[in-house]
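Last residue of the sequence shown? That's 145 in UniProt numbering, and every number before it is there in order.
Here the structure comes first, spelled out in structure tokens, and everything after it is commentary.
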Amino acid sequence: MPRMDDLRIRAAGPADLDAVLAFWKVAAEGVSISDDRDGVAGLVARDPGALLLAESAGGGLAGTVIAGFDGWRCHLYRLAVHPELRRRGVGTALLAAAEERFARLGGRRADAMVLDRNTAAHPAWRAAGYAPQGQWSRWVKPLAP
């Protein structure tokens with residue numbers, strides 16, 4: 001399959017929220033507690049450069065990644081590529097843009113939230129230089145009902 005050399009990567013804005021949420025229903029693995037308009041709007045308002053979008057030459061959404069930086073750690077979430085565009089370099093381009101963002105902000109190491117059951121994504125993460133870190137577990141507590 002040909003690579004997508006015509007991608008444009010940009011930060012999402014408030015006008016993109018509905019398109020992003022619809023895209024995640026098609027392209028993302030699983031559903032997050034924050035996958036709603038208020039959750040994504042809060043992210044975009046608090047950290048305007050965090051939600052990166054990859055658009056094809058025709059303007060369609062090809063992929064997303066959240067590249068959040070809290071001033072200390074770099075976190076990657078919601079790397080999602082449209083199913084019809086996978087294995088064409090979209091995810092690689094998004095990760096490169098996220099890592100460039102982190103470097104500009106002074107980040108030293110990126111971590112990614114990857115579902116254990118999303119085994120189709122594991123080779124892509126490994127190819128990008130990421131590896132599971134077995135000595136850590138994610139502990140969560142929902143704050144909203």
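Here a beta-carbon is modelled for each residue, glycine too, at the ideal position from N, C-alpha and C.
Nothing here was measured: the structure is a model prediction, and the numbers come from that model.
Less than 8 Å between C-beta atoms, sequence neighbours within five positions excluded: which residues of the same chain meet that for residue i?
i, result
"ARG10", "LEU52, LEU53 and GLU55"
"PRO142", "ILE33"
"PHE102", "ALA67, PHE69, CYS74 and ALA110"
"LEU43", "SER34, ALA50, LEU51, ILE66 and GLY68"
What's the call for residue i, buried or exposed, on a 16-neighbour Cβ count within 10 Å?
i, result
"ARG117", "exposed"
"LEU115", "exposed"
"ILE33", "exposed"
"ALA57", "exposed"
"ARG88", "buried"
"ALA93", "buried"
"ALA80", "buried"
"TRP24", "buried"
"PRO2", "The pLDDT assigned to PRO2 is 47, lower than 50, so where the model puts this residue is not dependable; a value taken from the coordinates is nonetheless given after this. Counting Cβ neighbours within 10 Å, PRO2 comes out exposed, since fewer than 16 surround it."
Quick one: what's residue i bridged to in DSSP?
i, result
"THR64", "LEU53 and ALA80"
"ASP111", "HIS75"
"ALA98", "According to DSSP, which records beta bridges pairwise, ALA98 is partnered with nothing at all."
"PHE69", "CYS74"
"ILE9", "ALA54"
Report the residue from the options whose alpha carbon sits nearest the alpha carbon of residue i.
i, options, result
"ALA45", "ALA96, GLY60, GLY68 and PRO14", "PRO14"
"HIS75", "GLY60, GLY107 and HIS82", "GLY107"
"ASP70", "ALA80, ALA97 and ASP111", "ASP111"
"ARG104", "ALA50, ASP35 and PRO123", "ALA50"
"LEU17", "GLU84, LEU7, LYS25 and VAL40", "VAL40"
"ARG37", "ALA19, GLY30, VAL26 and PRO48", "ALA19"
"ARG8", "GLY63, GLN133 and ARG78", "GLY63"
"ALA22", "LEU94, GLY60 and GLY42", "GLY60"
"MET12", "GLY30, GLU29, ASP6 and GLY68", "The sequence shown places Ala at residue 12, not Met. That would be GLY68, whose Cα lies nearest to the Cα of ALA12."
"ALA28", "LEU43, ILE66, PRO48 and ASP6", "ILE66"
"ARG78", "ALA128, ARG101 and GLY30", "GLY30"
"GLY129", "LEU95, TRP136 and ALA120", "LEU95"
"ARG131", "THR119, PRO83 and PRO48", "The sequence given here places Ala at residue 131; Arg does not occur at that position. The candidate whose alpha carbon is nearest that of ALA131 is THR119."
"MET113", "ALA127, SER137 and ASP6", "SER137"
Which residues in the same chain as residue i place their Cβ atom closer than 7 Å to its Cβ, once the five residues preceding and following it in sequence are excluded?
i, result
"ARG109", "CYS74"
"ALA124", "GLY91"
Can you find the residues in the same chain that come closer than 6 Å, C-beta to C-beta, to residue i, ignoring five residues on each side of it along the sequence?
i, result
"ALA97", "ILE9 and LEU52"
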